[in-house]
Every structure is written in C-alpha cells, then in structure tokens.
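Accompanying notes for the structure given below.
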Amino acid sequence: MTRGWAEFLERLSAAIGLPLLVFLLLLLSVVGGVLYYFFPRWVPKRFPRLRRRKRKKDAEEPETAAPEEVEVTEPSSGDTLPDLPAKVFLSLADRLAAEGRYAEAVRERLRAIVRGLADKRAVEVLPGMTVTEVARAASAVVPAAEPALRGATGIFSDIWYGQIPATEEHDTLMRRYAAEVDA
2 MTRGWAEFLE RLSAAIGLPL LVFLLLLLSV VGGVLYYFFP RWVPKRFPRL RRRKRKKDAE
62 EPETAAPEEV EVTEPSSGDT LPDLPAKVFL SLADRLAAEG RYAEAVRERL RAIVRGLADK
122 RAVEVLPGMT VTEVARAASA VVPAAEPALR GATGIFSDIW YGQIPATEEH DTLMRRYAAE
182 VDA
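Okay, structure coming up:
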C-alpha cells in the first residue's frame, strides 16, 4: 500500500507540480475546517414546501387538561430538583410504571426520596450534587437509612449510567427502598 501511495503522489506531482499540489491541499483543508466550524449555519434548517394544508385535527381545539390535574413536566437530567412535594414525584412514578417506563419511574422515585429527605431537613440538596453525594450526606444524618439509600442509588446508577434495561423488579425494589427511607 505504501508503494502504491508513493507512486500515486509521484504521478500527481509530475502532472500538477509539487508547490501547486501543496497549495491545493492546504486550501482544501482550510475550506474543510471553515465548513466544519460553521456546519449548522450553512445547512438549511428546512427545505421549502409548496403549501401546507390544514388537517381537521389541526383545526380542532387543542386538548386541555382537566382542572384538577397538575401538569408535571419531566425535568432533564441536568436540572436541579424541582420544588415539588414528594407525593407529586410518587404520582408521576406510579404513572410511568403503569406505562411500562420503569427507568423514568425509578428516577422519579429517587427524586421523591431526595425530596422527602430535604423536607425533613436530613440533607441540604445543592445544585450539582450527585445522587451518591446526597445519599452519603443523608446517611451521615440518618444512619438507619444508609442501606436503603445505597440500594436506591445503586439501582439508579445501574439503570441511568450503566444503561441496564429497567424492569418492574427495579421499580418494586425502589418502592421498598423509598418506604424504608421514609420510615
């Protein structure tokens, strides 16, 4: 392969000339670098359409939630713990578990545990704290909750960071750990 490459470069430099070849390669790399740097700006955001027809569903009124329901948006992993009571997290976790979304249910149960500990003033949750740091701080104040907290953070870490598929068994264990920490 090296011999073939060398022969190719020799033929190319004989046809174009070495200084021009070096200049063209340098120019190509600069253009490529500039395009890579500004990549999102030169790609069109969307392709033009002729016309968009309104469908019947678009023309209807949007669905609204019943007044007694509370709309809870699922915060992203980078957000701090929302200022909601633990029962809201548990309600969302039950709903997610009923839908078979066990990974999200485990996350919401852990949020309920942390909110419960924060409400009882067992731990002060600061932005940027990891789940393990919160569990360690809470275990220092409430030593009896350490095994349950260690188990809950282990399940959460395995699912969210170890990318193990969540199952109903994980959700059941998280329920048990939440009850132990609450007690």
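Note that our numbering gives residue 159 to position 158 of the sequence shown, counting from 1, and the numbers run on in steps of one. Think of the CB as a built atom: it goes at the ideal place given N, C-alpha and C, for glycine as much as any other residue.
- Message: Assuming M175 is part of the alpha helix (DSSP H), what are its boundary residues?
- Response: In the DSSP annotation of this structure, the continuous segment of the alpha helix (DSSP H) that includes M175 starts and ends at 169–183.
- Query: Does the pairing of the stretch 119–128 with the stretch 162–176 give three or more beta-carbon distances under 8 Å?
  - Reply: By the Cβ test, the stretch 119–128 is not in contact with the stretch 162–176, since fewer than three Cβ pairs between them sit closer than 8 Å.
- Item | Contact the stretch 94–105 vs the stretch 128–147: 3+ CB pairs below 8 Å | Fewer than three pairs of CB atoms, one per stretch, sit closer than 8 Å, so the stretch 94–105 makes no contact with the stretch 128–147.
- Query: Cα separation between L19 and I160?
  - Reply: Straight-line Cα distance between these residues: approximately 57 Å.
- Task: Please state if the CB of R110 and the CB of R176 are separated by a distance shorter than 8 Å.
- Result: Between R176 and R110, the gap from beta carbon to beta carbon is short of 8 Å.
- Item | Rounded straight-line distance, which links the Cα of L85 to that of A179 | The alpha-carbon atoms of A179 and L85 are separated by roughly 17 Å.
- Can you tell me where the alpha helix (DSSP H) with F9 in it begins and where it stops? F9 -> alpha helix (DSSP H) spans 3–17.
- Could you tell me if V115 is buried or exposed, where buried requires 16 or more neighbouring beta carbons within 10 angstroms of its beta carbon? Residue burial is scored here from C-beta neighbours: V115 has at least 16 other C-beta atoms within 10 angstroms and is therefore classed as buried.
- Expressed to the nearest angstrom, what Euclidean distance is found between the alpha-carbon atoms of A87 and R112? Taking the straight line joining both Cα atoms gives about 8 Å.
- Item | G117, buried or exposed, once every other Cβ within 10 Å from all chains shown has been counted against 16 | By the 16-neighbour rule on beta-carbons within 10 angstroms, G117 is buried.
- Query: With distances taken from CA atoms, which of E134, A139, V107, W6 is nearest A119?
  - Reply: Checked all of E134, A139, V107, W6; the closest Cα to A119 is A139.
- Message: Going by DSSP, what residue range makes up the alpha helix (DSSP H) through R122?
- Response: Note, R122: premise wrong, no alpha helix (DSSP H); not H, not E.
- DSSP on E75, reduced to helix/strand/coil? Interpretation of E75 is limited by its pLDDT of 46, a score under 50 that renders its predicted location unreliable; the figure taken from the coordinates is listed afterwards. Coil, per DSSP.
- Message: Using a 10 Å radius around the Cβ and a threshold of 16 neighbouring Cβ atoms, would you call I17 buried or exposed?
- Response: Under the 10 Å beta carbon count, I17 is surrounded by fewer than 16 other beta carbons and is classified as exposed.
- Over the uninterrupted alpha helix (DSSP H) stretch that includes T154, give me the two end residues. Taken as a continuous stretch (DSSP letters only), the alpha helix (DSSP H) holding T154 covers 147–161.
- Message: For the alpha helix (DSSP H) containing R96, name the first residue and the last one.
- Response: R96 -> alpha helix (DSSP H) spans 87–99.
- Minimum C-alpha distance to L93 - residue among A184, V32, D172: Of the candidates A184, V32, D172, the one whose C-alpha sits nearest the C-alpha of L93 is D172.
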